[in-house]
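Number of protein chains: 6
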Amino acid sequence: MSTVKLVADEDASNEVMSVYKDIRQTRGGDFINNFWRALAVNPALLSSTWYHLKSIMSVEGAIDAKTREMIYIAVSTANACSYCVHSHTAAAKAKGMSDDEHAELMTIISLAASTNHLANGLQVPIDPEFLAE
Amino acid sequence: MSTVKLVADEDASNEVMSVYKDIRQTRGGDFINNFWRALAVNPALLSSTWYHLKSIMSVEGAIDAKTREMIYIAVSTANACSYCVHSHTAAAKAKGMSDDEHAELMTIISLAASTNHLANGLQVPIDPEFLAE
Amino acid sequence: MSTVKLVADEDASNEVMSVYKDIRQTRGGDFINNFWRALAVNPALLSSTWYHLKSIMSVEGAIDAKTREMIYIAVSTANACSYCVHSHTAAAKAKGMSDDEHAELMTIISLAASTNHLANGLQVPIDPEFLAE
Amino acid sequence: MSTVKLVADEDASNEVMSVYKDIRQTRGGDFINNFWRALAVNPALLSSTWYHLKSIMSVEGAIDAKTREMIYIAVSTANACSYCVHSHTAAAKAKGMSDDEHAELMTIISLAASTNHLANGLQVPIDPEFLAE
Amino acid sequence: MSTVKLVADEDASNEVMSVYKDIRQTRGGDFINNFWRALAVNPALLSSTWYHLKSIMSVEGAIDAKTREMIYIAVSTANACSYCVHSHTAAAKAKGMSDDEHAELMTIISLAASTNHLANGLQVPIDPEFLAE
Amino acid sequence: MSTVKLVADEDASNEVMSVYKDIRQTRGGDFINNFWRALAVNPALLSSTWYHLKSIMSVEGAIDAKTREMIYIAVSTANACSYCVHSHTAAAKAKGMSDDEHAELMTIISLAASTNHLANGLQVPIDPEFLAE
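Protein chains in written order, with our numbering: chain A, 1 to 133; chain B, 1 to 133; chain C, 1 to 133; chain D, 1 to 133; chain E, 1 to 133; chain F, 1 to 133.
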């Protein structure tokens, strides 16, 4: 797998190492997962993606950190991104998602998929009650 | 729009009216949205879909009702179901989703979509650290 | 809707009219649906698409004509193609799909979507028993 | 692969073993595929998914068992579910899908995908002739 | 359509008007399309989305502006985003996409979709020759 | 992986070998990738797919060969086709895609995905300015 060569620490340019360092500091650990090592083939792509993601996921907001990861899993599942499902399930567990929450998340994702396909399969017209204007 | 004729109350069989009645009681209101009126062309499909959904969405679990609707929006967006985005956004608002939470939900969905496509576009190999076994 | 101007009979070039004529003869009717009128902005695109589709859908094969249209609905639903769901539901009905078959098709599509999302959401490893080699 | 630990027979609770037993009886064989072993991390999720699927796929209806599996393959392909394509191709073959039917199924799925993308790419407006109301 | 109220100039806050002004200056015209007016319900979402997109689409890079819009159409088509197909087709035309290029783009998108579904439907194993490492 | 047995040269019928020969001549090399070896289980499917693809991808048109492959990558990424992303990234590189172009392609695909999900998540109404008629 992978259409690009992953960038190990010993092959990283200064620009890449600077982002790797910020990832390690932000997360409080030495592990750099393959997603970042793949993006690192292009330092600008690595840098813009990391700082964009960090500005959203590492900042306090209206939705707590665990729930954000669960929403991330939902989108990644529907988009069939194997890598993302794996990495964000690990992240959600690290942020406190219990086994029961994980199972219930799967139940809701699967229910949503089933009614999404029913509504699209029957092409149900949108009720005027649902429109914002 | 719609590939089937929506079933109005006056055209509904006893079997359909019985489900409509349960929808109204469960939700505490008279409104029956088009999704159910489309499924009603086949009473068995209406009935099994409604009671399956009710058993998941109307029961207390590990995830609160508002968050469930937000997860539903996430899946429906990724699956490009216009009807479902409309109906579950209305439901999430009815269950207390604030404008800030809505905007943050959109931010996370959109971020997830962007990294989903990066991971799939580069075919990043899954880190062994993410595997459950 | 539409990012191109639909080509009416009176605006059609000879090349386009020749394809329109073959559509009418093959289907035994005067109606040309918008899909072909949109493709007609580029006669080569219209021609190659029509003859490719005709060679598959109008020829007898291992799967009967009605079932082919039902498979078409399944794919179109999962790909969220509103136009295609509408046109192939009409085609399936014209080829004999009953209301019960339509409802059962929706049930299977919706079940498949739900287990697709469960398998992707849990990233279930493929059993060696399922591999052809 | 897998974000959860698969549940082997020797690690299964009574509740899980009872579902495994019903799967074996219904299918007439000892094999339990990984999908169920993954769901088994949550006995309620396993149980509700199995009995829901069984009530649809094991009961006689308007569409024969082989065709149902072929529709399942179509949806799973469009939803990019590798696991599901593998498991339902095996199931379809077990229910009598011939090599010719398999190849023709692929042809129709691939044709549908191509016209789905054309209709979505040109945003073709839906013909009034296709509407149910 | 729309799950939020679009923000007209007369209802816009100073923060929103400042982004609207930058959109107008960057594009050299008065027109603000609905996408931005919908995001404007949350000024931070509007601002971060606009400046992120501007930093990518308005800067010279390795791929010319017209081709970028054509790639945008390809992704939007596969993701079934009606709004995006409409807006980026208009943008591509404004940047010089000819009718022939538009038709050829549709041909390639449609071919890709068809072979995507064949490869996923048969679960073709990746050739080692294609791997970067 | 694979739901069908790949057809090696020594197992190929005359009909299959004739297509393999044309693939080798067209591409100027001995390598036949797994996609064709999987389709070869059904000679008619192999033949129609190859000659259809060849008629589009090997002929000069309005879009150059490298850009066509990049568009192919974009669609394959959004459709989550691992095989196709791998094979067309290899093809794009063989036709001159630079590392910078590859990174920029990923940036645009990822941006498109993010705004696709925003437009679908908010169900933004299409501006009349974007309609062709």
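Just so you know, even glycine gets a beta-carbon here, dropped at the ideal spot from N, CA and C.
* **Neighbouring residues, chain D, relative to E/HIS88 (Cβ below 7 Å)** => Walking along the fifth sequence from the start, residue 88 of chain E turns up at place 88. Simply none; closest approach about 11 Å.
* Asked: Which one of E/VAL59, E/ILE73, E/ASP9, E/ALA78 has the shortest CA to CA distance from E/ALA137?
  -> The structure shown does not extend to residue 137 of chain E, since chain E is modelled only from 1 to 133, so the question has no answer here.
* Asked: How many Å lie between E/ASN42 and B/ASP100 at the Cα?
  -> Mapped onto the fifth sequence, residue 42 of chain E falls at position 42. Mapped onto the second sequence, residue 100 of chain B falls at position 100. Rounded to whole angstroms, the separation of the alpha carbons of B/ASP100 and E/ASN42 is 7 Å.
* To do: Compare the C-beta of D/LYS93 with all C-beta atoms of chain B and state if any pair is closer than 7 Å.
  => Position 93 of the fourth sequence, counting from 1, holds the residue named residue 93 of chain D. So no, D/LYS93 is outside the interface.
* Evaluate F/THR26 with the Cβ neighbour count: other Cβ atoms within 10 Å of its Cβ, from every protein chain shown; 16 or more gives buried, anything less gives exposed. => Within the sixth sequence, numbered from 1, the residue matching residue 26 of chain F stands at position 26. Taking all protein chains shown into account, F/THR26 has fewer than 16 neighbouring C-beta atoms within 10 Å of its C-beta and is therefore exposed.
* To do: Could you confirm whether any beta carbon from chain C is found closer than 7 Å to the beta carbon of B/LEU6?
  => Within the second sequence, residue 6 of chain B is the residue found at index 6, counting from 1. Taking 7 Å as the CB threshold, B/LEU6 stays off the interface with chain C.
* Option in D/SER55, D/ASN79, D/LYS66 with minimal Cα separation from D/SER98 -> Here the question's residue 98 of chain D lines up with position 98 in the fourth sequence. For the residues D/SER55, D/ASN79, D/LYS66, the minimum Cα distance to D/SER98 belongs to D/LYS66.
* Name the chain D residues that come within less than 7 Å of E/ILE109, Cβ to Cβ? -> Within the fifth sequence, the letter at position 109 stands for residue 109 of chain E. Near E/ILE109 (Cβ distances below 7 Å), the residues of chain D are HIS117, GLY121.
* To do: Please check the pair A/ILE63 and B/VAL75, which I expect to be a contact at CB under 8 Å, by giving their CB distance rounded to whole angstroms.
  => Position 63 of the first sequence holds residue 63 of chain A. Position 75 of the second sequence holds residue 75 of chain B. 16 Å between Cβ atoms; not a contact.
* Please report the Cβ distance between E/ALA44 and E/LEU6, rounded to the nearest whole angstrom; I am assuming they are in contact, meaning their Cβ atoms lie under 8 Å. => Residue numbering aside, residue 44 of chain E sits at position 44 when the fifth sequence is read from its first letter. Residue numbering aside, residue 6 of chain E sits at position 6 when the fifth sequence is read from its first letter. Wrong, their Cβ atoms sit about 17 Å apart, outside the cutoff.
* To do: Find out if the Cβ-Cβ distance for the pair A/LEU118, C/MET17 is shorter than 7 Å.
  => As a working mapping, residue 118 of chain A is identified with position 118 in the first sequence. As a working mapping, residue 17 of chain C is identified with position 17 in the third sequence. It is not a contact, given that the beta carbons lie outside the stated cut-off.
* Asked: Who are the neighbours of D/ASP99 on chain F, taking C-beta pairs under 8 Å?
  -> Mapped onto the fourth sequence, residue 99 of chain D falls at position 99. Here the neighbours are VAL41, ASN42.
* Which bits of chain C does A/THR67 rub up against, with CB to CB less than 9 Å? -> Residue 67 of chain A sits at position 67 when you count from the first residue of the first sequence. Listed along the chain, the chain C residues whose CB falls inside 9 Å of the CB of A/THR67 amount to none; the nearest CB is some 16 Å away.
* To do: Would you check if the distance between the CB atom of A/THR89 and the CB atom of B/GLN123 is smaller than 7 Å?
  => Taking the first sequence and counting its residues from 1, one reaches residue 89 of chain A at position 89. Taking the second sequence and counting its residues from 1, one reaches residue 123 of chain B at position 123. Annotated as distal: A/THR89 and B/GLN123, with beta-carbon spacing of 7 Å or more.
* To do: Output yes or no for whether 7 Å exceeds the beta carbon distance between B/PRO125 and A/ASN34.
  => The sequence position of residue 125 of chain B within the second sequence is 125, counting from 1. The sequence position of residue 34 of chain A within the first sequence is 34, counting from 1. Contact: yes.
* For E/TRP50, which residues of its own chain have a beta-carbon under 6 Å away from its beta-carbon, when the five flanking residues on both sides are left out? -> For the purposes of this step, residue 50 of chain E is taken as residue 50 along the fifth sequence, with counting starting at 1. So the list reads VAL19, once near-sequence residues are dropped.
* To do: Tell me whether B/GLY61 sits in a helix, a strand or coil according to DSSP, three-state version.
  => Start at 1 with the first residue of the second sequence, and residue 61 of chain B comes out as number 61. It is coil, neither helix nor strand.
* **Same chain only: Cβ atoms within 8 Å of B/SER13, ignoring 5 sequence neighbours per side** => Position 13 of the second sequence, counting from 1, holds the residue named residue 13 of chain B. Cβ within range, chain order: PRO43.
* To do: Show which residues of chain E have a CB atom less than 7 Å away from the CB atom of B/VAL85.
  => Locating residue 85 of chain B in the second sequence gives position 85, counting from the first residue. Identification of chain E residues near B/VAL85 by a Cβ-Cβ cut-off of 7 Å yields THR3, ordered along the chain.
* Straight-line CA distance for A/LYS95 to E/SER48? -> For the purposes of this step, residue 95 of chain A is taken as the residue at position 95 of the first sequence. For the purposes of this step, residue 48 of chain E is taken as the residue at position 48 of the fifth sequence. Between A/LYS95 and E/SER48, the C-alpha separation is close to 26 Å.
* **Best match in E/LYS93, E/ASP9, E/GLY61, E/ASN120 for proximity to E/MET70 [C-alpha to C-alpha]** => The sequence position of residue 70 of chain E within the fifth sequence is 70, counting from 1. The shortest C-alpha separation from E/MET70 is found at E/LYS93.
* Could you check the C-alpha separation between C/TRP36 and B/ASP127 for me, to the nearest Å? => Taking the first residue of the third sequence as position 1, residue 36 of chain C is located at position 36. Taking the first residue of the second sequence as position 1, residue 127 of chain B is located at position 127. When rounded, the distance between both Cα atoms is 47 Å.
* Starting from F/GLU104 and walking both ways along the alpha helix (DSSP H), at which residues does that stretch end? -> For the purposes of this step, residue 104 of chain F is taken as residue 104 along the sixth sequence, with counting starting at 1. In the DSSP annotation of this structure, the continuous segment of the alpha helix (DSSP H) that includes F/GLU104 starts and ends at 99 to 122.
* Quick one: Cα of B/ARG24 to Cα of C/THR77, how far? -> Translated into positions along the second sequence, residue 24 of chain B becomes position 24. Translated into positions along the third sequence, residue 77 of chain C becomes position 77. Each residue's Cα considered, the two are about 29 Å apart.
* Using a beta-carbon distance below 7 Å, is F/ALA78 in contact with chain D? -> Here the question's residue 78 of chain F lines up with position 78 in the sixth sequence. In terms of beta-carbon proximity, F/ALA78 stays away from the interface with chain D, with every pair separated by 7 Å or more.
* To do: Consider the Cβ of E/ALA74: report whether some Cβ of chain C lies at a distance smaller than 7 Å.
  => As a position in the fifth sequence, residue 74 of chain E is number 74, starting the count at 1. No, E/ALA74 does not count as interfacial toward chain C.
* To do: My understanding is that A/ALA113 touches B/ASN79, with C-beta atoms under 8 Å, so please give their C-beta distance in whole angstroms.
  => The residue labelled residue 113 of chain A in the question sits at position 113 within the first sequence. The residue labelled residue 79 of chain B in the question sits at position 79 within the second sequence. Contact between A/ALA113 and B/ASN79 holds: their C-beta atoms lie close to 7 Å from each other, under 8 Å.
* **CA nearest to the CA of E/HIS86, picked from F/GLY28, F/LEU131, F/ILE56** => Within the fifth sequence, the letter at position 86 stands for residue 86 of chain E. Answer by Cα proximity: F/LEU131.
* Identify which residue in E/GLU129, E/ARG68, E/LEU46 has its Cα closest to the Cα of B/ALA103. => Against the second sequence, residue 103 of chain B aligns to sequence position 103. Ranked by how close their Cα comes to the Cα of B/ALA103, the residues E/GLU129, E/ARG68, E/LEU46 have E/LEU46 in first place.
* To do: Give the single residue among B/ALA8, B/TYR83, B/THR115 whose Cα lies nearest to the Cα of B/ALA40.
  => Walking along the second sequence from the start, residue 40 of chain B turns up at place 40. Measuring C-alpha to C-alpha distances from B/ALA40 to each of B/ALA8, B/TYR83, B/THR115 identifies B/ALA8 as the nearest.
* Hey, which unbroken runs of the alpha helix (DSSP H) at 4 residues or more fall wholly within the region 44 to 97 of chain B? -> List check, alpha helix (DSSP H) in window: 65 to 78, 82 to 94.
* Roughly how many angstroms separate the alpha carbons of C/TYR83 and D/ASN116, rounded to a whole number? -> If you number the third sequence from 1, residue 83 of chain C lands on position 83. If you number the fourth sequence from 1, residue 116 of chain D lands on position 116. Going from the Cα of C/TYR83 to the Cα of D/ASN116 covers about 8 Å.
* What is the DSSP secondary structure of C/SER13, reduced to helix, strand or coil? -> On the third sequence, position 13 is the one that residue 13 of chain C refers to. Coil.
* To do: Run down chain D in chain order and give the residues with a C-beta less than 7 Å from the C-beta of A/MET106.
  => Start at 1 with the first residue of the first sequence, and residue 106 of chain A comes out as number 106. The answer, in chain order, is LEU45.
* Asked: Shorter than 7 Å from the beta carbon of A/ALA132 to some beta carbon of chain I?
  -> Absent from the structure is chain I; the protein chains it does hold are A, B, C, D, E and F.
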